[in-house]
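A quick write-up on the structure given underneath.
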Amino acid sequence: MTFSTSPALLTLSDADRSPLSIRARALVFADPTSQRLRAEVERLAASTLPVLIQGETGSGKELLARHIHRSSDRQGLFVAVNCGALSPKHAEAELFGHAAGARAGTAGRAGWFGSANGGSLYLDEIGDLPLSLQAKLLAALENREVMRVGAQRPNPVEVRLLAATSIDLVRAVEAGTFDERLYLYLSEGRLNWPPLRERVGDILPLAEYFLGIYAQRLGLSPPLLSPEAQRQLEGYIWPGNTRELENVIHFALLVSKGGDIQPEHLGPANPMALIERQLERLQASPSLQEPLREILTRSGVMPDR
Ligand SMILES: Nc1ncnc2c1ncn2[C@@H]1O[C@H](COP(=O)(O)OP(=O)(O)OP(=O)(O)O)[C@@H](O)[C@H]1O
Ligand SMILES: [Mg+2]
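If you read the sequence shown in UniProt numbering, its first letter stands for residue 1, the second for the next number, and so on.
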C-alpha cells in the first residue's frame with residue numbers, strides 16, 4: 001500500500017490481484033467524516049481485533065475489509081464469503097470443510113474457514129449465517145481449531161474474522177436470530193460506515209476517480225463534470241451508494257461521447273429526470289401535481305418557476 005500525492009486517496013498497490021468485483025485501486029476518503037473514520041480504520045487494521053463493518057449496500061464494506069487485511073501483518077489469505085450465498089444444505093461443510101470420505105468418495109476439504117488460516121475471513125451479511133453455525137464459528141475462532149464435517153479430531157486453524165452487515169445486528173440479537181455471544185465477540189471492533197449521501201464530500205472525488213479509471217480503459221481523456229452535473233451528483237440520495245455512483249459515471253462517460261458530463265448524461269442520478277418521470281405518471285391525477293411541485297420546490301430539489 002502506498003500513499004498517492006493526495007492525502008484523501010489511499011492507493012492499493014496490489015489491487016490487480018483482487019477479483020474483478022472489487023475494481024477500485026484506491027480508497028477515497030475526502031469528506032471530513034470519512035477522514036475521521038479513516039483513523040479508526042487504521043487503528044483497527046493495526047490491531048488483532050475482529051471487525052464488524054455495518055453499512056448500506058454498495059458503500060464499500062468489502063473494500064474496507066480488504067484494506068484492513070492488507071494493512072495488518074497477517075500472512076495468510078483474505079477469503080471473502082457471502083453468507084447469504086452459502087447453500088443451506090451444505091453450509092457447514094462449505095464453511096468448515098469436511099473430512100475425507102465424509103461425502104461418498106470425496107477427498108477432504110479445508111472449507112473457507114480453513115482456507116483463511118493465518119489470514120482473514122471476510123463474512124459478508126453475517127446476519128444470514130444459520131444460528132447453529134454462528135455458535136460453531138465462535139467456538140472455532142476462540143479455540144483456534146475447527147471440526148470438519150465427519151472428522152474425528154479438530155484441526156488447528158487461526159483466523160481473524162472481518163464481518164459485514166447491512167442490518168442492525170442488535171435488533172437481530174433481540175429477535176433471537178443472531179447469537180449474542182458472537183455479536184459481543186465481534187463488537188469489540190465495530191465500524192459504522194455511513195452511506196454516501198452522508199459523506200457528500202466524497203462524491204465528487206469518487207466521481208473524478210471513476211471517470212479517470214473508465215476514461216483510461218476506453219482510451220479517452222477524462223471529460224469534465226459540468227457545475228450543474230456536479231450539483232446533481234452531490235444532491236442525489238444514492239440508494240446504491242458508491243457502486244451506483246460508479247455505474248452512473250461509467251454510463252455518463254459512454255453517453256457523453258467525449259464532451260463534458262452534463263445532467264442529462266447522469267441517467268438515474270439525475271433527479272430532474274426522475275421527477276419528470278414521476279410527474280408524467282401523475283398525469284392521470286392532476287390534482288396531485290401542484291402539491292408535489294410545491295414540496296419539491298420547497299425542499300430545493302426543483303427550481304422555483
Ligand atoms: N472509498 C472508495 N473508494 C473507491 N472505490 C470505492 C470506495 N468505496 C467503494 N468503492 C467501490 O464501490 C463498489 C462497491 O464497494 P464494495 O463491494 O466494497 O461495497 P459493499 O458495501 O461490500 O457492498 P455490498 O453490501 O453490496 O456487499 C466497488 O466497486 C468498490 O471498488
Ligand atoms: Mg460486499
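Every residue gets a Cβ at the ideal spot worked out from N, C-alpha and C, and that includes glycine. The model shown is predicted, which means the values in this text are computed figures rather than measured ones.
Cβ-based neighbour list, residue i, same chain, cut-off 6 Å, excluding 5 preceding and 5 following
i: residue 18; result: With a pLDDT of 38 at residue 18, under the threshold of 50, the modelled position of that residue is not reliable, and the figure given next carries that caveat. So no residue of the chain qualifies.
i: residue 307; result: In the structure as shown, the chain begins at 1 and stops at 305. Residue 307 is therefore absent and cannot be evaluated.
Close beta carbons around residue i, own chain, < 7 Å, minus the five adjacent residues each side
i: residue 133; result: 91, 92, 95
i: residue 82; result: 124, 125
i: residue 118; result: 74, 75, 76, 158
i: residue 294; result: none
Beta-carbon gap between residue i and residue j smaller than 9 Å
i: residue 260; j: residue 220; result: no
i: residue 59; j: residue 223; result: no
i: residue 164; j: residue 125; result: yes
i: residue 113; j: residue 151; result: no
i: residue 121; j: residue 179; result: no
i: residue 100; j: residue 157; result: no
i: residue 146; j: residue 76; result: no
i: residue 191; j: residue 63; result: no
i: residue 128; j: residue 176; result: no
Near ligand 1: residue i beta-carbon under 8 Å from a heavy atom
i: residue 206; result: yes
i: residue 34; result: yes
i: residue 78; result: no
i: residue 192; result: no
i: residue 70; result: no
i: residue 29; result: yes
Closer than 8 Å: residue i CB and nearest ligand 2 heavy atom
i: residue 62; result: yes
i: residue 164; result: yes
Chain-order list of residues whose beta-carbon lies under 8 Å from that of residue i (same chain, five-residue window excluded)
i: residue 149; result: 92, 93, 96, 97, 98, 99, 102
*Just list the beta strand (DSSP E) runs in the stretch 36-102, keeping only unbroken ones of 3 residues or longer that don't cross its boundaries, in chain order.*
51-54, 78-82
*Enumerate, from N- to C-terminal direction, the unbroken beta strand (DSSP E) stretches of 3 or more residues contained entirely within the stretch 106-170.*
List check, beta strand (DSSP E) in window: 120-124, 160-165.
_Suppose only complete runs of 3+ residues qualify. What are the beta strand (DSSP E) ranges in the stretch 183-254, listed by chain order?_
190-192
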